[in-house]
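Single-structure report; data block below.
There are 2 protein chains.
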Amino acid sequence: MERLEGSCIIGQSGGPTAVINASVLGCVEAALRSDCIRKVYGAAHGITGVLNDRLYDLTIEDPAELARIKYTPSAILGSCRYKLADFMTDDTDYLRLLDAFRRYDVRYFFYVGGNDSMDTCSKISAFLAQNDYACRIIGIPKTIDNDLVLTDHCPGYGSAAKYVATTCMEVSLDAKVYNNGSVTVLEIMGRNAGWLTAASALACRKGLGPDLIYLPEIPFDLADFIADTARAHERQRDVVVVVSEGIRDKNGDYISSYFSDISRNKDDFGHAQMGGLAANLANFAHTKIGVKARGIELSLLQRCAAHVASATDIEEAYMAGRAAFEAAEAGAGDKMVAFTRADGPAYSCKTTLADLVDVANAEKRVPREWINEAGNGLLQPFVEYALPLIQGETALETEDGLPRFAKLKKIAAREV
Amino acid sequence: MERLEGSCIIGQSGGPTAVINASVLGCVEAALRSDCIRKVYGAAHGITGVLNDRLYDLTIEDPAELARIKYTPSAILGSCRYKLADFMTDDTDYLRLLDAFRRYDVRYFFYVGGNDSMDTCSKISAFLAQNDYACRIIGIPKTIDNDLVLTDHCPGYGSAAKYVATTCMEVSLDAKVYNNGSVTVLEIMGRNAGWLTAASALACRKGLGPDLIYLPEIPFDLADFIADTARAHERQRDVVVVVSEGIRDKNGDYISSYFSDISRNKDDFGHAQMGGLAANLANFAHTKIGVKARGIELSLLQRCAAHVASATDIEEAYMAGRAAFEAAEAGAGDKMVAFTRADGPAYSCKTTLADLVDVANAEKRVPREWINEAGNGLLQPFVEYALPLIQGETALETEDGLPRFAKLKKIAAREV
Chain A
5 MERLEGSCII GQSGGPTAVI NASVLGCVEA ALRSDCIRKV YGAAHGITGV
55 LNDRLYDLTI EDPAELARIK YTPSAILGSC RYKLADFMTD DTDYLRLLDA
105 FRRYDVRYFF YVGGNDSMDT CSKISAFLAQ NDYACRIIGI PKTIDNDLVL
155 TDHCPGYGSA AKYVATTCME VSLDAKVYNN GSVTVLEIMG RNAGWLTAAS
205 ALACRKGLGP DLIYLPEIPF DLADFIADTA RAHERQRDVV VVVSEGIRDK
255 NGDYISSYFS DISRNKDDFG HAQMGGLAAN LANFAHTKIG VKARGIELSL
305 LQRCAAHVAS ATDIEEAYMA GRAAFEAAEA GAGDKMVAFT RADGPAYSCK
355 TTLADLVDVA NAEKRVPREW INEAGNGLLQ PFVEYALPLI QGETALETED
405 GLPRFAKLKK IAAREV
Chain B
5 MERLEGSCII GQSGGPTAVI NASVLGCVEA ALRSDCIRKV YGAAHGITGV
55 LNDRLYDLTI EDPAELARIK YTPSAILGSC RYKLADFMTD DTDYLRLLDA
105 FRRYDVRYFF YVGGNDSMDT CSKISAFLAQ NDYACRIIGI PKTIDNDLVL
155 TDHCPGYGSA AKYVATTCME VSLDAKVYNN GSVTVLEIMG RNAGWLTAAS
205 ALACRKGLGP DLIYLPEIPF DLADFIADTA RAHERQRDVV VVVSEGIRDK
255 NGDYISSYFS DISRNKDDFG HAQMGGLAAN LANFAHTKIG VKARGIELSL
305 LQRCAAHVAS ATDIEEAYMA GRAAFEAAEA GAGDKMVAFT RADGPAYSCK
355 TTLADLVDVA NAEKRVPREW INEAGNGLLQ PFVEYALPLI QGETALETED
405 GLPRFAKLKK IAAREV
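Structure below.
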């Protein structure tokens with residue numbers, strides 16, 4: 005494949021994770037080492053930074069401070085939720101992107117995100133190819149939801165899963181401390197895929213997990229929930245229940261919508277905004293079973309808890325970023341970095357490439373055979389899948405008893 | 005003081021913390037070493053375990069497993085919220101306690117708890133003295149609320165403060181990632197005292213703290229909240245606000261009651277149950293300012309997050325437990341262990357004793373002069389007070405990527 009010289013842009017998109025910056029670092033450090041690359045730019049707030057000419061020159065960041073982003077949560081360059089139109093109907097944004105790419109001599113574009121971001125990458129890649137502008141576009145997967153297809157798992161998931169499992173252990177200890185009858189409902193992120201909710205099952209191995217786990221993969225029935233919970237309450241008084249924010253009934257209606265007294269907004273991708281489900285289910289259980297009940301929504305905490313990130317996840321996120329650059333340098337484009345897990349008892353994981361178009365807008369859900377028959381718990385194959393992903397502790401520095409997160413200078417790039 | 009031989013009971017009461025078990029360990033290990041002590045009993049669920057003859061024989065626990073409770077959150081022996089009557093009007097419970105103490109030859113009673121628990125200790129101590137039953141009763145302070153008087157601070161506070169400050173840093177990074185205008189409201193425990201809410205200010209030193217902090221010490225005004233938040237939003241788009249669950253208006257009415265559509269229960273001590281305030285304030289800000297808003301209630305997580313406990317807090321909690329036993333062995337009774345901070349720039353802390361009756365039912369609040377004039381932020385003296393308490397990381401073991409918490413055998417005690 006032809007050697008391609010020029011600059012590169014890296015951007016971040018969608019909901020942040022504890023390790024999305026590790027992927028940026030892997031990509032940026034590889035780019036800084038490459039003699040094909042003149043400048044390494046960071047896009048402020050993802051693709052909107054390219055559209056609005058807000059690029060940072062990462063070449064002039066202090067390398068030691070830059071290295072700290074590996075352990076810094078959220079999206080250090082800023083994120084966005086911006087959906088590109090189909091360029092066949094409206095090419096306004098695409099023309100602006102092409103103009104920016106030309107002005108900054110951008111030949112490599114890396115985008116860290118979920119399936120919506122892969123859709124963005126796929127569209128830009130197609131547009132640039134159609135306009136004969138040589139630019140290699142590689143997506144780097146990122147999502148606590150773990151719902152991307154064609155990859156064994158997604159960077160970001162392991163850390164969120166570790167947070168969820170750790171928190172479930174701690175909350176279980178706390179919620180059962182009085183032994184006078186209680187229901188605690190924990191609500192976990194994941195609209196359509198229950199991977200993160202399922203991670204609570206890792207706590208069960210320690211005898212400190214939830215008693216019931218409801219994933220969006222299984223139609224949720226309020227009467228079954230009450231019957232399951234009442235049975236558990238009878239057996240052991242204090243009950244911990246974990247639900248996905250996205251549980252739906254057999255008609256596909258969100259359970260959260262049953263209780264909604266505030267009209268729900270939709271985000272820019274048309275996803276319904278969730279919230280309040282845990283408190284509402286707890287209140288419902290209180291009414292029906294007559295026990296004290298409490299709802300806890302893990303909310304943003306589960307996607308930004310870098311202090312308890314998985315070392316495996318951090319290293320794999322970094323590896324995904326580096327692999328993205330190396331693949332592009334070697335000639336690949338229009339691809340997403342994916343993970344393949346080696347066969348055999350010992351866990352190991354290597355990177356491969358998937359076609360962007362195959363990843364964009366598709367979703368991978370928890371297989372039915374990994375969920376118990378009653379649809380309220382996980383089975384051993386899930387544990388074997390997820391447990392390797394939460395191994396190891398972060399090397400995050402502390403300073404004065406608190407995390408020492410990276411702070412970049414973010415100096416505006418100048419056109420070449 | 006006379007040498008007193010017999011057995012001892014230790015019990016835990018009130019809301020658990022990340023380090024309440026460290027205090028139990030400090031006390032139990034000292035008792036196990038003492039030649040005054042025949043048996044060391046743990047009361048199942050605090051004073052209710054003594055009343056219901058549910059005692060564990062801690063003498064026969066595996067010492068290595070017992071040592072792990074130092075890093076295990078929640079109350080390992082179980083907790084209770086049980087208020088003793090005044091024995092002048094109803095001595096039923098007291099007679100049962102006295103009977104149990106006689107049957108088990110209990111000459112030392114240690115109770116780890118907050119001000120309600122110190123009230124319990126004080127009453128039992130008075131009753132036993134009146135009945136000429138020699139028994140030394142020592143309270144060991146414990147509360148994430150940090151609201152006990154006559155002690156510089158309380159075991160449990162440092163760890164909860166470290167969790168709150170760490171979480172505020174992580175949430176601030178996440179909540180500001182889109183930079184398209186948002187208000188994030190975090191709700192933190194603390195009915196009357198704002199110590200834990202104030203701990204969010206420790207994150208501000210890192211440039212990642214909340215923009216506004218509202219404590220229950222300052223009357224809360226919805227119009228001021230909206231004006232403050234709108235101003236911060238205008239300045240920087242994304243705003244993070246921290247509120248105490250216990251904020252009240254100038255008439256003393258809880259702000260949470262403004263929004264309440266579910267009748268609030270009261271707990272056994274007559275405290276109003278809180279909840280939903282963050283979401284309601286967020287929704288109110290959304291309506292008034294017209295920005296996206298989200299409420300996050302830290303809920304139980306802030307009192308059980310042992311994985312991010314403060315080493316200083318853990319060691320001091322252990323020290324308080326040991327000091328309780330040593331004081332009792334040396335002849336003290338009817339006292340609570342308290343902390344005194346040494347003068348001078350370097351932090352150090354030693355134990356003293358306070359009279360139970362002076363601690364029971366009193367509350368220490370954040371001094372007005374540590375809060376800024378506008379009543380929406382903390383000043384440097386608070387930071388100097390709180391920062392030493394969050395120093396150091398826990399030595400909690402991990403196993404398979406998750407905490408390895410203690411699991412005791414809890415073998416029922418037999419009468420002597």
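So the sequence lines, in the order shown, correspond to chains A and B. Counting in my numbering, the first sequence runs without a single skipped number right up to 420 at its last residue. Counting in my numbering, the second sequence runs without a single skipped number right up to 420 at its last residue. Glycine residues also receive a C-beta, built at the ideal position from the N, C-alpha and C atoms.
query, result
"Segments assigned beta strand (DSSP E), at least 3 residues, entirely inside the region 165-193 of chain A", "186-192"
"Residue 113 of chain B - DSSP class collapsed to helix/strand/coil", "strand"
"Contact list for residue 4 of chain A against chain B, beta-carbon separation under 9 Å", "The displayed coordinates of chain A run from 5 to 420. Any statement about residue 4 of chain A would go beyond what the structure contains."
"Interface flag, residue 105 of chain B vs chain A, CB-CB below 8 Å", "no"
"Option in B:308, B:281, B:309 and B:307 with minimal Cα separation from residue 299 of chain B", "B:281"
"Residue from A:131, A:388 and A:413 whose Cα sits closest to the Cα of residue 404 of chain B", "A:388"
"Paired residues, beta bridge with residue 340 of chain B - DSSP", "B:143 and B:358"
"CB contact check: residue 49 of chain B to chain A, cutoff 8 Å", "yes"
"Straight-line gap, residue 121 of chain A to residue 22 of chain B (C-alpha atoms, nearest Å)", "40 Å"
"Check whether residue 109 of chain B and residue 11 of chain B have beta carbons under 8 Å apart", "yes"
"For residue 195 of chain A and residue 118 of chain A, believed in contact at Cβ under 8 Å, the rounded distance", "That pair is no contact at about 11 Å."
"Cβ-Cβ distance between residue 216 of chain A and residue 232 of chain A below 8 Å", "yes"
"Distance between beta carbons of residue 55 of chain A and residue 100 of chain A, contact taken as under 8 Å", "5 Å"
"Buried or exposed (CB count within 10 angstroms, at least 16 for buried), residue 271 of chain A", "Note that residue 271 of chain A scores 43 on pLDDT, short of 50, meaning its location in the model is unreliable; the coordinates nonetheless yield the value given after this. Label assigned to residue 271 of chain A: exposed."
"Three CB pairs or more closer than 8 Å across the region 357-366 of chain A and the region 49-69 of chain A", "no"
"Range covered by the beta strand (DSSP E) that runs through residue 59 of chain B", "59-61"
"As assigned by DSSP and simplified to three states, the class of residue 408 of chain A", "coil"
"Neighbour-count burial assignment, residue 26 of chain B, 16 or more Cβ in a 10 Å radius", "buried"
"Same chain, Cβ closer than 6 Å to residue 266 of chain B, neighbours up to 5 away in sequence not counted", "Only weak support exists for where residue 266 of chain B lies, its pLDDT of 40 falling under 50; the coordinates are left without a value."
"Within chain A, the residues that residue 238 of chain B reaches when beta carbons sit closer than 8 Å", "Per Cβ cutoff of 8 Å: no residues; residue 238 of chain B is ~19 Å from chain A at best."
"Neighbouring residues, chain A, relative to residue 395 of chain B (Cβ below 8 Å)", "404 and 405"
"Test: residue 266 of chain B CB closer than 8 Å to a CB of chain A", "Caution is warranted here: a pLDDT of 40 is assigned to residue 266 of chain B, below 50, making its placement in the model unreliable, and no coordinate value can be reported."
"Residue 154 of chain A versus A:144, A:180 and A:162, residue with shortest Cα-Cα distance", "A:144"
"Start-to-end residues for the alpha helix (DSSP H) that takes in residue 293 of chain B", "281-293"
"Proximal chain B residues relative to residue 300 of chain A, where beta-carbon distance stays under 8 Å", "301, 303, 304 and 305"
"Beta carbon proximity, residue 288 of chain A to chain B, threshold 8 Å", "no"
"Residue 306 of chain A (DSSP reduced to helix, strand or coil)", "helix"
"Element boundaries [alpha helix (DSSP H), containing residue 26 of chain A]", "24-37"
"Residues bridged to residue 233 of chain A (per DSSP)", "Answer is none; residue 233 of chain A lacks a bridge partner."
"Opposing strand residues paired with residue 353 of chain A [DSSP bridges]", "A:345"
"Per-residue contacts from residue 77 of chain A into chain B (C-beta, under 8 Å)", "174, 177 and 178"
"Chain-ordered neighbours of residue 308 of chain A on chain B, where CB pairs are closer than 7 Å", "174, 175, 177 and 178"
"Minimum Cβ-Cβ distance from residue 280 of chain A to chain B less than 8 Å", "yes"
"Outcome for residue 30 of chain B when other beta-carbon atoms lying within 10 angstroms are tallied against a minimum of 16", "buried"
"The region 109-138 of chain A: positions lying closer than 9 Å to chain B by Cβ", "none"
"Distance CB(residue 437 of chain B)-CB(residue 245 of chain B) smaller than 8 Å", "A query on residue 437 of chain B cannot be resolved here, the shown segment of chain B reaching from 5 to 420 and no further."
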